[in-house]
Amino acid sequence: MASTGTLFFIFAVTFIKAGNAQNTFVNVNCKENVGRYGQQSLLECIVQTTSEASDIQIRVVTWKKEGADKPALVFYDEGIDPKSSFTFAEPSWNNKNMNVSMLIPNTRVVDAGRYTCMVMTNSGDGKAEVNLKVTAKYSEPIIHSIPEKITPGSNGELTCETHGGYPKGDIRWFVNDNTDWTKSSEMEVESAQDGLLHLSSKLPLLHGSIFSKYTCIVYNATGGKEAEAVFVPDPEVEGPKAQSGSESASKVVAPVVVIGSLIVGLLLALLVYRRRTRNARRPSTAPLMDGHQEVSNRDDEESDAQRMNGKQQNIV
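Residues in the sequence shown are numbered consecutively from 23, following the working numbering.
Here it is, written out as structure tokens:
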């Protein structure tokens with residue numbers, strides 16, 4: 023395996039030869055690709071030769087990302103540099119295989135960028151550039167409210183959050199029947215250590231302008247809809263129901279009737295008691311009149327009872 027100094031010399035020679043090559047025997051053709059975060063990404067490049075070139079053998083292949091200090095993949099004579107970050111797409115690749123595509127096994131945000139593939143063969147040299155875009159899907163948004171319970175007659179604030187996406191997307195607010203209310207909101211973007219983004223959008227709610235439904239929708243960098251969340255404020259708390267005049271009157275009359283009945287009953291009992299006490303104390307002077315007196319007393323008691331019943335009806 024070549025030493026580090028030898029490899030740097032090879033890279034320098036490769037850049038010079040590839041840049042100055044004027045022959046048309048070897049061409050490197052690459053295709054643009056979009057990689058998904060956490061998945062495999064393929065940077066596809068094929069070496070094409072003309073009919074004049076025969077028994078083509080590849081001597082050097084280098085893959086280098088723009089702005090990087092070291093190449094991402096190196097092949098030279100005896101094999102692949104073990105310090106390479108990535109591998110060839112075909113596991114059984116050899117120097118007669120014209121498919122020099124590079125495989126990124128676990129795509130990260132930092133892998134996004136422009137790559138140059140340089141090839142040296144026994145019939146000429148060639149190079150090509152290819153761009154890798156990395157995307158990551160945003161999570162399902164979550165809406166938080168301050169205060170926790172918001173009613174149509176209160177002030178408050180809604181916050182819609184989503185994370186784990188890339189590149190920068192957008193959060194938009196819609197109220198009721200899909201009326202765009204994003205202009206009233208403010209969005210913040212934060213980057214995590216892995217390069218993925220966290221989006222947070224705050225929407226103020228003012229007293230007297232609370233809608234019946236709020237929808238938070240997350241869009242990716244290309245404007246495609248990814249996910250949404252819905253928030254519905256609590257209904258207005260209702261006060262005591264107004265009572266009709268008949269219901270109020272009935273609730274007043276009922277206790278009066280009960281109290282009046284109790285008073286009349288007590289008065290009747292008192293009169294009867296007093297009558298019987300008075301008769302018990304009076305001496306009997308005319309035994310023959312006892313029967314007549316008892317009849318008279320009974321008539322008096324019945325007259326008193328009738329008068330009290332009349333008073334009860336007047337009170338009701």
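Just so you know, even glycine gets a beta-carbon here, dropped at the ideal spot from N, CA and C.
Starting from residue i, follow the beta strand (DSSP E) in both directions and report where the run begins and ends.
i: Asn-153; result: 146–157
i: Asn-177; result: Counting along the chain, Asn-177 falls outside any beta strand (DSSP E), and DSSP gives it neither H nor E.
i: Ile-239; result: 236–241
i: Ile-126; result: 124–126
i: His-10; result: Residue 10 lies beyond the range of the chain shown here (23 to 338); nothing can be said about it.
i: Ala-249; result: 247–253
Under a three-way DSSP split, which group does residue i fall into?
i: Val-48; result: strand
i: Ile-172; result: coil
i: Ile-281; result: helix
i: Ala-291; result: helix
i: Ser-107; result: coil
i: Thr-201; result: strand
i: Gly-267; result: Only weak support is given to the placement of Gly-267: the predicted model assigns it a pLDDT of 43, under 50, and the question is left unresolved by the model.
i: Asp-91; result: coil
i: Asp-133; result: helix
i: Thr-138; result: strand
Taking 6 Å as the limit between beta carbons, can you name the residues of its chain near residue i, skipping five residues before and five after?
i: Ile-232; result: Pro-174, Pro-255
i: His-185; result: Ser-161, His-220
i: Asp-192; result: Tyr-241
Is the distance from the Cβ of residue i to the Cβ of residue j below 8 Å?
i: Ala-94; j: Lys-105; result: no
i: Gly-146; j: Val-69; result: no
i: Val-141; j: Val-122; result: yes
i: Glu-179; j: Leu-225; result: yes
i: Phe-47; j: Thr-71; result: yes
i: Gly-230; j: Asp-133; result: no
i: Asn-117; j: Gln-61; result: no
i: Lys-235; j: Asn-177; result: no
Leaving out the 5 sequence neighbours to the left and right, which residues in its chain are closer than 7 Å to residue i when beta-carbon positions are compared?
i: Glu-54; result: Val-152, Asn-153
i: Glu-210; result: Ser-222
Cutting at 8 Å between CB atoms, please list the residues of its own chain near residue i, excluding the five before and the five after it.
i: Gly-89; result: Gly-135
i: Glu-250; result: Pro-163, Thr-237, Cys-238, Ile-239, Val-240
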